[in-house]
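Take any residue in the sequence shown, note its place counting from 1, add 268, and you have its number in our numbering. A virtual CB, placed ideally from N, CA and C, is assigned to each residue, including glycine. Just so it is clear, the structure is predicted and the values come from calculations on it, not from any experiment.
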Amino acid sequence: MKSRAIVPARIEFDADGLPFAPDFGDRYHPRVGALAQARHVFLAGNGLPARWAGRERFTVLETGFGLGNNFLATWQVWRDDPARCARLDVVAVERHPPTRADLERMHRGSPLPTLARALLDAWPPLTPGLHRLVFDAGRVRLLLAFGDATELLPELRLAADAFFLDGFAPSHNPAMWQPRLLEALGRRAAPGATAATWSVARELREGLMAAGFEVERRAGIGGKREITVARFAPRFVARHAMPSPACAAREAVVVGAGLAGAFCARALADEGIAVRLVDRQPRPAAETSGNPAGLFHGTVHADDGPHARLLRAAALSTERRLRPLIGSGAVAGAVDGLLRLGHDLDAMRAAVERQRLPADWVQALDATAASALAGVALPGPAWFYPAGGWVAPVDAVREVVAGLAFTGGVEVHALQSAGSGWRLLDADGAVIAESAMVVLANAADATRLLAPFGLDDGPLQRTRGQVSGWSGNPVPLRLPVAGDGYAIPMPGGGLWCGATSGIDDEAGPRAADDEENHARLRRLTGLTPPADRANWPCGPLPAQAPGAARRKDQPRFLPRREGLFVCTALGGRGITLAPLLGALIAAQATGSPWPLEQSLVDAIDPARWRVRAQRRAAQR
Numbered sequence: 269m270k271s272r273a274i275v276p277a278r279i280e281f282d283a284d285g286l287p288f289a290p291d292f293g294d295r296y297h298p299r300v301g302a303l304a305q306a307r308h309v310f311l312a313g314n315g316l317p318a319r320w321a322g323r324e325r326f327t328v329l330e331t332g333f334g335l336g337n338n339f340l341a342t343w344q345v346w347r348d349d350p351a352r353c354a355r356l357d358v359v360a361v362e363r364h365p366p367t368r369a370d371l372e373r374m375h376r377g378s379p380l381p382t383l384a385r386a387l388l389d390a391w392p393p394l395t396p397g398l399h400r401l402v403f404d405a406g407r408v409r410l411l412l413a414f415g416d417a418t419e420l421l422p423e424l425r426l427a428a429d430a431f432f433l434d435g436f437a438p439s440h441n442p443a444m445w446q447p448r449l450l451e452a453l454g455r456r457a458a459p460g461a462t463a464a465t466w467s468v469a470r471e472l473r474e475g476l477m478a479a480g481f482e483v484e485r486r487a488g489i490g491g492k493r494e495i496t497v498a499r500f501a502p503r504f505v506a507r508h509a510m511p512s513p514a515c516a517a518r519e520a521v522v523v524g525a526g527l528a529g530a531f532c533a534r535a536l537a538d539e540g541i542a543v544r545l546v547d548r549q550p551r552p553a554a555e556t557s558g559n560p561a562g563l564f565h566g567t568v569h570a571d572d573g574p575h576a577r578l579l580r581a582a583a584l585s586t587e588r589r590l591r592p593l594i595g596s597g598a599v600a601g602a603v604d605g606l607l608r609l610g611h612d613l614d615a616m617r618a619a620v621e622r623q624r625l626p627a628d629w630v631q632a633l634d635a636t637a638a639s640a641l642a643g644v645a646l647p648g649p650a651w652f653y654p655a656g657g658w659v660a661p662v663d664a665v666r667e668v669v670a671g672l673a674f675t676g677g678v679e680v681h682a683l684q685s686a687g688s689g690w691r692l693l694d695a696d697g698a699v700i701a702e703s704a705m706v707v708l709a710n711a712a713d714a715t716r717l718l719a720p721f722g723l724d725d726g727p728l729q730r731t732r733g734q735v736s737g738w739s740g741n742p743v744p745l746r747l748p749v750a751g752d753g754y755a756i757p758m759p760g761g762g763l764w765c766g767a768t769s770g771i772d773d774e775a776g777p778r779a780a781d782d783e784e785n786h787a788r789l790r791r792l793t794g795l796t797p798p799a800d801r802a803n804w805p806c807g808p809l810p811a812q813a814p815g816a817a818r819r820k821d822q823p824r825f826l827p828r829r830e831g832l833f834v835c836t837a838l839g840g841r842g843i844t845l846a847p848l849l850g851a852l853i854a855a856q857a858t859g860s861p862w863p864l865e866q867s868l869v870d871a872i873d874p875a876r877w878r879v880r881a882q883r884r885a886a887q888r
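In structure tokens:
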């Protein structure tokens, strides 16, 4: 899916003082008030809060987030309900989201000031795609989908228990109520799902019925005589073309306690899964993830392809995850911005303008402006990522895995299928652990464990990398700078720079690698060290044979091995990618809404290698 540039909402006030959208000629909510409408139409119309009582998870899908009032009302009712579900997921689509400034203006004097402030503080840059915001210690999650609903809905993987059909009136915004969109809702409905909306337009009711809903009218509110409510009760249940990797397991073993494994384990634990981490080293983050410092940031491509979209989503996710840890002092790092050297300033600025990228996400700076931020003379223009930064990976892993069961100093020699689960064996054949779910996050070693199942067809290989640095000596560099390598200034003086990369298993530092890193440092920043210095496969594994899959031309259609996942080979982007991919693994395993669009999941699906091999074989 090609992402469209996000155009923020244009918001004015009408003669009655209500927020008004001049581009659609309609109000955001009736005179009776947004919260009153939310409670009567969307909550009561969907039988809430009664329907989520005692549930482990309840998922709401909203078409038309607007100013967030329906979400705030739902969140407050959930908080007030002693019988509430353990976890509430709200997925909301919005083509024209408000800017942070407009959102703050709209919620001044809100009757729910604490929740409104939390939403405002978490409000993301207005970039296309999915933004996952977490509240109430992870028990409430808001997945914002910025973009056109007709394009984004087919990209969402979820099973909604309730639908809030909002948006401007069908006469003002017919695209939001078209049959194609309503059919997409039906394909994302959980059994017994309900829907509610303030509209009673005939086209809407007919579209809902065609999508498999039973429709009725109820008393309205705020000048609306009637509203529409519906229940998903299709006459025919279509067989899903895409197999679901979700399993019923309530426990999991994660092999590998580096960045990938740590964030996978924490995300699974946040879903209520009992997790055990296993690593061949005696402590977490003792191998590649043991580097003293590393960067996180996105990237900008002229065509905004899958690589750029994935790294943008990942960088935003990592910033949201790490900022509080760094701010509290629990983890060494900084989220003060990052500079990445560019080449053609005109092309850089053209990409920003064409994609309408907001300044709180990225800015294209000339050499003078970039050098002023860096504190040193940079050789050319640079991208400035205000939410980019650096972190000490060991610190981050330590905080993320705190409280989780950990078994260190144990080498997993073999993976064995064991009835409805999986068994991990040591070199003597003794059982290390047994579980219905296993996540392999042990870098290239995962291919050895998968080989007996015919699942080692991904082109993974070991690489060697080295960083160099010194401490104590003051440096003028103020922000991390990346390009051909990177430089990270350290608190108290000194810096880290790197990193070399090569296909090599040799351990230990090399003087030649130090020299290579120092040459990069000089090219990036002009700094000279003191003389006295001291591919991303992620997801459920495919079955060995295509089996009964009706389609084999895309990874999403291949059957999966239940309870077996992989998250590995993150390479130099491990810090940026690990939090988001960990959340993806947990969502795939538990059936909660996926935090990435389906097309981006396809781009990192381990099954993609098998699909490519089948295509090549068919062309011979």
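| query | result |
| --- | --- |
| Simplified DSSP assignment, three categories, for Ala903 | This structure leaves residue 903 out entirely; the chain is present only between 269 and 888. |
| Assigned exposure category for Gly460 - 16 Cβ within 10 Å defines buried | exposed |
| CB-CB length for Phe326 against Ala360, believed under 8 Å | In fact, because the Cβ distance is near 15 Å, the residues do not count as touching under 8 Å. |
| Those residues which DSSP pairs with Gly491 across a bridge | Looking at the DSSP assignment, Gly491 forms no beta bridge with any residue, so it has no partner. |
| Cβ shell of Ser271 (< 7 Å), same chain only, five flanking positions each side left out | Pro396, Gly397, Gly415, Asp572, Arg577 |
| Test item: CB-CB of His786 and Pro798 under 7 Å | no |
| Any 3 or more C-beta pairs closer than 8 Å across the region 437 to 450 and the region 465 to 472 | yes |
| Residue burial classification, Phe431 (beta-carbon count within 10 angstroms, cutoff 16) | buried |
| Sequence-distant residues of the same chain with beta carbon closer than 6 Å to Gly336, five excluded per side | Leu387 |
| As assigned by DSSP and simplified to three states, the class of Pro550 | coil |
| Trp629 to Leu606 span [Cα, whole Å] | 11 Å |
| Every unbroken beta strand (DSSP E) within the region 655 to 680, with a cutoff of 3 residues, ordered by chain | 657 to 659, 673 to 675 |
| Buried or exposed by the 16-neighbour rule on C-beta atoms within 10 Å, applied to Glu330 | buried |
| Helix, strand or coil at Trp346 [DSSP, three-state] | helix |
| Contact between the region 827 to 839 and the region 509 to 523 (3+ Cβ pairs under 8 Å) | yes |
| Touching by the beta-carbon criterion (3+ pairs, under 8 Å), the region 707 to 727 and the region 750 to 764 | no |
| Inter-stretch contact (C-beta, 8 Å, three-pair minimum) for the region 651 to 664 and the region 580 to 591 | yes |
| Run of the beta strand (DSSP E) containing His786, from where it starts to where it stops | Not the beta strand (DSSP E): His786 falls in the alpha helix (DSSP H), residues 779 to 793. |
| Minimum length 3: unbroken beta strand (DSSP E) runs contained in the region 329 to 390 | 355 to 362 |
| For Arg409: DSSP bridge partner residues | Asp357, Val402 |
| Backbone secondary structure at Leu718 - three-state DSSP | helix |
| Euclidean distance between Cα positions of Ala837 and Phe531 | 14 Å |
| Endpoints, the alpha helix (DSSP H) within which Ile843 is located | 842 to 858 |
| With 16 other Cβ atoms within 10 Å as the buried cut-off, status of Val644 | buried |
| Coarse secondary structure for Thr586, derived from DSSP in three states | helix |
| Beta-carbon proximity of Pro757 to Leu563, cut-off 7 Å | no |
| Where Ser688 falls, given that 16 or more other Cβ within 10 Å makes a residue buried | exposed |
| Residue from Ala498, Arg486, Lys492, Gly490 whose Cα sits closest to the Cα of Gly475 | Ala498 |
| Contact check, Asp357 vs Pro861, beta carbons under 7 Å | yes |
| Exposed unless 16 or more other CB atoms sit within 10 angstroms - verdict on Thr382 | exposed |
| Check whether Gly610 and Ala561 have beta carbons under 7 Å apart | no |
| Cys835, DSSP secondary structure in three states | strand |
| Paired residues, beta bridge with Trp690 - DSSP | Ser685, Ser703 |
| Buried or exposed by the 16-neighbour rule on C-beta atoms within 10 Å, applied to Gly636 | The question names Gly, but residue 636 is Thr in the sequence shown. Exposed, because fewer than 16 other Cβ atoms sit within 10 Å of the Cβ of Thr636. |
| Residues bridged to Cys806 [DSSP beta-bridge criterion] | Cys835 |
| Separation of Thr844 from Ala701, as counted between CA atoms | 30 Å |
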